[in-house]
Amino acid sequence: MSTLMSFMLDTLQPRLNDPENAKLWLPRLLGQMEDDEGIPVLPIESAEQDLGLLQGEHGDFVADTFAKSWSVFNMKPAEPDPQRPHPALKLFDVKVGGLQNMRVQKVSSQVTANGYAVSVELLPNHYPDPSQGLEMPPFSLSGRYLINQSLWADESYIEQIEGEGEFTALFQDCVVNALLTLETTGEAEQRSTVVTLKGLVLSGNAEEMPVLQFDDLTLEGDLELAEALIMYIKMALNGEDGQASMLDTVASLLNHTDNLASISISLSDYLGSGLDHFFGAVPEHGLPDDADNQQGNTPLDVYLFDRLRIAFNQSGSNWYLPQLLTESNDPTIEPYTHDHISIPDQNIQGLNYTEIELTHLTLAGLSNAYVPLSTWVLTSPAMRMDVELGVLPEGHAGVPPAPPVKLNTDISLVQNGWVEPVHIKGHVSAHLMDSHMLLNVLMSGTDSNDLYLTVTALEPLSGAAPVEFSVALVPRNSLLEGLIAGMLKKPEVQAPIMAELAEAIGNQRPELSDNFTLLVRAALNNQLS
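So this is what it looks like as structure tokens:
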């Protein structure tokens, strides 16, 4: 895992491009964007844009054609004004359409002081119209225009001739690069995330200039040579100078302060609501205030880690630790079973007890797990934590199970010292109080499908007080049951029992790694589908 952001982006990209993904398909998200007054952000609109003069060879053609049109209508000669020989162009009711019809081509990120700078390359005009019941118009610029030509009709006065109409131009051979930052804002418990759109950069494919093709243009009124004027205006707008002017106008529209701010607000809202859906809502008391103790690559990494560790302890969360442990099946955690433990020979009141065996041992309640936030430490890309066991009240449908952790096992032993050895059998149970487990997990992978959680350390620990065992022999013998219970309470007897259980659980780190990986992958993919 290079960075958390690269993992997130590589995980999200195929989902943003999946029309079947009801939550994350990009065109749907873009089409739903609203500003802080609830007005749709798209399409981007502008009341007026002044393009200045249409210069170059094609601008000369337009100017000459206007002069000829005026001359034919007025039956006197005219020529472009030497003081302003080129036509001036203004746009009105301008609309940049089709910005929702985008496919994510490429994503990249860089670490910043408070999070990440992200570049998203978007390919326009990818989806057919309609798609998934949504309009998918082409990426276009449309509106009305007013063109003005100053003519020198004779030596005595200057004539102004104007034409207006509608236009639509389609973008071709281009990509849109969205430049964003994803960072944290606020302090301590009140931190949150903010997305800022820094700019939308229009560029061409293969390092060429983008193309804005003017094919649909009208000229209203009864100007002479109207068809020629339309042709030359198109040629001027499709020419090098016209394209440069129009693309500058589009860049100005896309990157207008109000537009960037509105999109930033929508993206921040999307991220905030998405994180609430993914992790569950932040509790009223806010986030943990121990960011200085965490070793994330960025403050945003630490923020997301804080959301995760809160979610692990929230019963309504999809990341609720007791639920994840309950769902573990290879190995099964709830209940955990172990076949056999041997106990060293013991002497009780002058009698030797040998062949002491615990069999069919079960631990019920290991899924009753809670991780105090203060014991979670992030050391990217690893986490370590101290999991307390059997401290939560019983939950809905037995998740988590009622406390405390319960041990049950069959016992068999041989009593020596009489004429014949006596074979003894029965059942033993105990409550394991003040139990906890030290757990270290290393995260790796490029995306959610490649994610792997390696359990690098797993150490079950019991409380300092000796465990009290209850013994029920078959047939019942209260005196002998008390003696065996006393034997099992000895530190030299309990130590190997707990040590073997700890070793058995620890030896299953590879299986637990595989199983935890499957569970977390499934939770991730479920949340993002």
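Numbering (the numbering used here), first residue to last: 0 to 528.
All residues carry an ideal CB built from backbone N, CA and C; glycine is no exception.
In the structure shown, V175 falls within a strand segment according to DSSP collapsed to helix, strand and coil. Per the Cβ contact rule, the region 193-212 is in contact with the region 255-269 (3 or more Cβ pairs under 8 Å).
Taking the Cα of L324 as reference, the smallest distance to any Cα among V492, G397, F65, L412 is reached at G397. Rounded to the nearest whole angstrom, the C-alpha separation of E502 and L517 is 23 Å. For G51, the enclosing beta strand (DSSP E) begins and ends at 43-52. About 18 Å separates the CB atoms of N312 and V404; that is not less than 8 Å, and the two are not in contact. Taken through DSSP and simplified to helix, strand or coil, R83 comes out as coil. The beta-carbon distance between Q54 and D240, rounded to whole angstroms, is 5 Å. This is short enough to meet the 8 Å contact definition.
In the DSSP assignment, W69 falls outside any beta strand (DSSP E) and lies within the alpha helix (DSSP H) extending over 55-73. Per DSSP, L286 lies in no alpha helix (DSSP H) segment and is marked neither H nor E.
Rounded to whole angstroms, Y115 and E182 show a C-alpha spacing of 6 Å. In the structure shown, T445 adopts coil according to DSSP, grouped into three states. Spatial neighbours of L350 in its own chain (CB-CB distance under 7 Å, excluding positions within 5 residues in sequence) are listed in chain order as Q414, N415, G416. Nearest in C-alpha terms to T361, of all of L320, A429, H337, H435, is H337. Per DSSP, T325 is one residue of the alpha helix (DSSP H) stretching across 320-326. The beta carbons of L50 and E188 sit no closer together than 9 Å. Beta-bridge annotation (DSSP): A235 is not paired with any residue. By the 16-neighbour rule on beta-carbons within 10 angstroms, M384 is buried.
Nearest Cα to T378 within the set E326, Y335, G364, N292: N292. Take A46, set aside five residues on each side of it, and no residue of its chain has a beta-carbon closer than 6 Å to its own. Under the DSSP assignment, K488 falls in the alpha helix (DSSP H) whose first and last residues are 477-488.
When the alpha-carbon of E387 is set against those of P402, T180, H395, the nearest one is in P402. The straight-line gap separating the alpha-carbon atoms of S107 and M245 is approximately 29 Å. Under the three-state reduction of DSSP, P371 is assigned to coil, being neither helix nor strand. Restricting attention to beta strand (DSSP E) runs no shorter than 3 residues, the region 259-314 encloses none.
Between the region 421-429 and the region 406-413, the count of Cβ pairs shorter than 8 Å is three or higher; the stretches touch.
A distance of 9 Å or more separates the beta carbons of P380 and S447. Between the region 271-286 and the region 110-130, the count of Cβ pairs shorter than 8 Å is below three; the stretches do not touch.
Take the alpha-carbon of S139 and the one of L438: they are about 55 Å apart.
Here M432 carries a coil assignment [DSSP, helix/strand/coil]. About 7 Å separates the CB atoms of S411 and I423; that is less than 8 Å, so the two are in contact.
Between Q82 and the set E36, I157, L236, Q131, the nearest pair of CA atoms involves I157. Nearest in C-alpha terms to S70, of all of I160, A21, S130, is I160. In the pairwise beta carbon analysis, the region 23-40 is classified as not touching the region 202-211: fewer than three pairs are separated by under 8 Å.
Proximity of the region 217-232 to the region 160-171 meets the contact definition, three or more beta-carbon pairs being nearer than 8 Å. Short of 6 Å from the beta carbon of R508, and not among the five residues preceding or following it, lie these beta carbons of its own chain, in chain order: V454, L457.
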